[in-house]
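Protein chains in written order, with our numbering: chain A, 1 to 94; chain B, 95 to 432. Just below is one structure, and these are the notes that go with it.
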């Protein structure tokens, strides 16, 4: 069995004005083929107006084992949210 | 698009190696119990990984082999509308196979290995595709019954504990709902047509009814892996539960068509509020599963021939990519810079 073609991650912009969102992955021989396959595989029902493909090997991901160390410090900083502050109901437009 | 409860062989949770392993398994199960999704880089028990690889691969193979019985009718679809619909449906099945192979690959198996297992006849796929599509009515019956049974199986998989599988299933279920409706529409047209057309519809129902019920897999008493799959939230309902749900929804649809379900003892049980069918012939299921169905050899032969016939295209594409990779910035750049 031949070696698999390069794995690409596919990102689709659903509508003008929205961000590209990860939708899945596919194998392709090169970037152009990756775009064409992405079109056939992920936009058969007008799911997008723009496609990005990125070699999966180029993605640098955080380690799930380090999730606590990375994200825990934000957990006790509720004062970063507007609902932390109590303002009397009589005050409007704030 | 099709899945079948085929989990009849493979990994069992083994005895954990160390105290550390026990602790990790305990924490893993707690995450599952909290309805958290497991993602590719998360720690998972080996048996969970193996069970998923097997199930997702079988599911992917079923999509790909499932293109064959229907593809068989694309050139003979009775109208241009039916032809366009059937092409779209078969293309969807191909797409669904791609989503599922990708999901399986996140567990550490390569696409090449999976395809190789299918072509070598070492992998299972849904036994329903080893039955022939003899008439146009079979395309209606497949959409209505086979896709109907598949949807029943697949909807709970959208909440499966493994993230990539669950996400693939959400996409698949969304796309799938037209498949069943177009099939029923074909049956409706035939059922309201000439005497010969009605007969064709009845004949298709006669041949597809029982194999469709078998798609849910062996009865709960025989299904050895259900308990583990349930505990891991890979599976949410038992084979018999899903089968019963399918029967209860489908019998009234047949009645609307004024076609007869080929089961002389089928009856409505008022107390249970269920339709009760006669016994399923599981020896037939086992025969087909073991490779002796009407079309097992033909299906794999067609897949192998397609794979071989496409070899030069794959080689040419790879050679072209190699050649262009050496030029300025590689083939990656000239398409688009973001």
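Where a beta carbon is used, it is the ideal one built from N, C-alpha and C, also for glycine.
Length of the line joining the Cα atoms of residue i and residue j
i: residue 258 (chain B); j: residue 69 (chain A); result: 25 Å
i: residue 425 (chain B); j: residue 6 (chain A); result: A caution first: residue 425 (chain B) carries a pLDDT of 45, below 50, which makes its placement in the model unreliable, though a value can still be read off. Near 13 Å, if we compare the C-alpha coordinates of residue 6 (chain A) and residue 425 (chain B).
i: residue 431 (chain B); j: residue 349 (chain B); result: With a pLDDT of only 47 at residue 431 (chain B), under 50, the local geometry of the prediction cannot be trusted, and no value is derived from it.
i: residue 428 (chain B); j: residue 219 (chain B); result: Residue placement at residue 428 (chain B) is flagged as unreliable, the pLDDT there being 45, under the threshold of 50; a coordinate-derived value is accordingly withheld.
i: residue 17 (chain A); j: residue 49 (chain A); result: 10 Å
i: residue 139 (chain B); j: residue 115 (chain B); result: 9 Å
i: residue 4 (chain A); j: residue 324 (chain B); result: 33 Å
i: residue 313 (chain B); j: residue 333 (chain B); result: 6 Å
i: residue 418 (chain B); j: residue 409 (chain B); result: 14 Å
i: residue 90 (chain A); j: residue 83 (chain A); result: 16 Å
i: residue 156 (chain B); j: residue 247 (chain B); result: 13 Å
i: residue 341 (chain B); j: residue 152 (chain B); result: 24 Å
i: residue 279 (chain B); j: residue 242 (chain B); result: 13 Å
i: residue 413 (chain B); j: residue 405 (chain B); result: 12 Å
i: residue 94 (chain A); j: residue 149 (chain B); result: 54 Å
i: residue 217 (chain B); j: residue 229 (chain B); result: 29 Å
i: residue 271 (chain B); j: residue 62 (chain A); result: 37 Å
i: residue 210 (chain B); j: residue 310 (chain B); result: 26 Å
i: residue 267 (chain B); j: residue 193 (chain B); result: 12 Å
i: residue 186 (chain B); j: residue 80 (chain A); result: 46 Å
i: residue 394 (chain B); j: residue 127 (chain B); result: 40 Å
i: residue 13 (chain A); j: residue 26 (chain A); result: 17 Å
i: residue 105 (chain B); j: residue 72 (chain A); result: In this prediction, residue 105 (chain B) has a pLDDT of 44, which is less than 50 and means its spatial position is unreliable; what the coordinates show is noted afterwards. Rounded to the nearest angstrom, the two C-alpha atoms are 36 Å apart.
i: residue 22 (chain A); j: residue 265 (chain B); result: 13 Å
i: residue 102 (chain B); j: residue 318 (chain B); result: For residue 102 (chain B), the predicted structure reports a pLDDT of 44, less than 50, and the residue's modelled location is therefore unreliable. The matter cannot be settled from this model.
Sub-8 Å separation of residue i and residue j beta-carbons
i: residue 180 (chain B); j: residue 167 (chain B); result: yes
i: residue 383 (chain B); j: residue 369 (chain B); result: no
i: residue 195 (chain B); j: residue 213 (chain B); result: no
i: residue 234 (chain B); j: residue 284 (chain B); result: yes
i: residue 135 (chain B); j: residue 88 (chain A); result: no
i: residue 320 (chain B); j: residue 329 (chain B); result: yes
i: residue 53 (chain A); j: residue 29 (chain A); result: no
i: residue 202 (chain B); j: residue 184 (chain B); result: no
i: residue 223 (chain B); j: residue 282 (chain B); result: no
i: residue 260 (chain B); j: residue 131 (chain B); result: yes
i: residue 371 (chain B); j: residue 357 (chain B); result: yes
i: residue 154 (chain B); j: residue 182 (chain B); result: no
i: residue 189 (chain B); j: residue 43 (chain A); result: no
i: residue 231 (chain B); j: residue 129 (chain B); result: no
i: residue 353 (chain B); j: residue 290 (chain B); result: no
i: residue 236 (chain B); j: residue 302 (chain B); result: yes
Residue i: contacting residues in chain A (beta-carbon distance under 8 Å)
i: residue 135 (chain B); result: 61, 63 and 64
i: residue 204 (chain B); result: 4
i: residue 231 (chain B); result: None at all; the shortest Cβ gap to chain A is about 27 Å.
i: residue 418 (chain B); result: 30
N-terminal and C-terminal residue of the beta strand (DSSP E) that residue i is part of
i: residue 368 (chain B); result: 368-370
i: residue 238 (chain B); result: Element bounds for residue 238 (chain B): n/a, residue is neither H nor E.
i: residue 213 (chain B); result: Where residue 213 (chain B) is concerned, there is no enclosing beta strand (DSSP E), although the alpha helix (DSSP H) it sits in stretches over 205-213.
i: residue 310 (chain B); result: Neither: residue 310 (chain B) is in no beta strand (DSSP E) and is coded neither H nor E.
i: residue 362 (chain B); result: 361-363
i: residue 9 (chain A); result: 6-13
i: residue 26 (chain A); result: 20-28
Listed by chain order, chain B residues near residue i by CB distance under 8 Å
i: residue 26 (chain A); result: 192 and 196
i: residue 41 (chain A); result: 189, 192 and 193
Alpha helix (DSSP H) segment containing residue i, residue limits
i: residue 278 (chain B); result: 257-285
i: residue 387 (chain B); result: Note, residue 387 (chain B): premise wrong, no alpha helix (DSSP H); not H, not E.
i: residue 177 (chain B); result: 174-199
i: residue 223 (chain B); result: Careful: residue 223 (chain B) lies outside any alpha helix (DSSP H) and carries neither H nor E.
i: residue 40 (chain B); result: Residue numbering for chain B in the displayed model covers 95 to 432; residue 40 (chain B) lies beyond these limits and cannot be assessed.
i: residue 335 (chain B); result: 333-351
i: residue 45 (chain A); result: Taken as a continuous stretch (DSSP letters only), residue 45 (chain A) belongs to no alpha helix (DSSP H), as it is neither H nor E.
i: residue 75 (chain A); result: Note, residue 75 (chain A): premise wrong, no alpha helix (DSSP H); not H, not E.
Partner residues on chain A for residue i, Cβ-Cβ distance less than 7 Å
i: residue 415 (chain B); result: 29 and 30
Neighbour list for residue i in chain B, Cβ cutoff strictly below 9 Å
i: residue 44 (chain A); result: 182, 185, 186, 189 and 269
Residue i: CB within 7 Å of a non-hydrogen atom of the ligand FAD
i: residue 258 (chain B); result: Of ligands this structure carries none, so the ligand FAD is not represented either.
Proximal residues, the segment 147-158 of chain B versus chain A, C-beta separation under 8 Å: Of all residues in the segment 147-158 of chain B, none has a Cβ within less than 8 Å of some Cβ in chain A.
The segment 386-412 of chain B: positions lying closer than 7 Å to chain A by Cβ: For chain A, the residues of the segment 386-412 of chain B that bring a beta carbon within less than 7 Å of one of its beta carbons are 411 and 412, in chain order.
Near-chain A residues of the segment 315-347 of chain B (beta-carbon distance less than 9 Å), N- to C-terminal order: Hits within the stretch: zero.
Residues in the segment 355-382 of chain B having any Cβ partner in chain A nearer than 8 Å: Listed by position, the residues of the segment 355-382 of chain B near chain A (Cβ gap below 8 Å) amount to none.
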